[in-house]
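First comes the structure, then the notes that go with it.
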Amino acid sequence: MASVKRTMIAQQAFDFAGLFTIQFSRLKIAGACVRTPELLAPETDSTGGGKQALQHISLKPDVPGYPPVTVGSVNVAAKTGQLRTYACLYKMAQQRSRPFDIEQQSYQQFFDSARMFLGQQGFTVQIELEPPTAFVEKPVRPPSGVPRVVMWLLIAGMSLALIVALLVAAYVKFLR
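Taking our numbering, the leading residue of the sequence shown gets 468, the next gets one more, and so forth.
Below you can see the structure in the form of structure tokens.
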């Protein structure tokens, strides 16, 4: 079997994903379905010198039909991590009008363990208390010009029909 050639940072990210999996494979997060913490390994053999080194931490459902929940990320190249609080995840689910079916105490146990683990591995961990600003403040797009054009064409068509109807009525009344 040929060995996969990865860049140094990609290999570090791949190895760290394995370490994370070993550390958290027995931890189960309760909710509508049981979920297991997972750090996604890089899909490519290079991270572009660390520019694409971000790996997402998610809670993978043990039952088909439930979506994974992204709860944070790590960047092995920068030695940084980010974890979302239960409140942050709950607000994100509300903003998306989706149910949030993770048990709070169970998630808090994972959150505390993950925070400690990342710190022990030399990562600086940022805690996300609120949904990202870009997520919260979706700009409201003004209506496009297409409906306005359709409206004007409709008004013009109705006006033309009214004029034709008046001309026909005048013809019938005065010229007969």
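Just so it is clear, CB atoms sit at the ideal spot from N, CA and C, and this is done for glycine as well.
As a beta-bridge residue in DSSP terms, E505 pairs with S525. Assignment of Q549 by DSSP, reduced to helix, strand and coil, places it in the strand class. The beta carbon of G498 lies closer than 6 Å to those of D568, I569, E570 in the same chain, with the five residues before and after it left out. Distance from Q490 to L507 at the Cβ level is roughly 15 Å; contact not present, criterion being Cβ atoms closer than 8 Å. Taking 8 Å as the cut-off, the Cβ atoms of P598 and M559 count as close.
For Y638, the number of other beta carbons within 10 angstroms of its own is below 16, and it is reported as exposed. The residue from T547, Y574, M475 with its alpha-carbon nearest to that of C555 is Y574. Shown here, S540 sits in a strand according to DSSP, grouped into three states. If you ignore the 5 residues before and after F590, its C-beta comes within less than 7 Å of the C-beta of V541, K546, T547, G548, all in its own chain and listed in chain order.
Here the C-alpha atom of A484 lies approximately 15 Å from the C-alpha atom of R493. Across the structure, R502 and T537 are spaced so that their CA atoms are roughly 12 Å apart.
Residue pairing by DSSP places I594 opposite L550 in a beta bridge.
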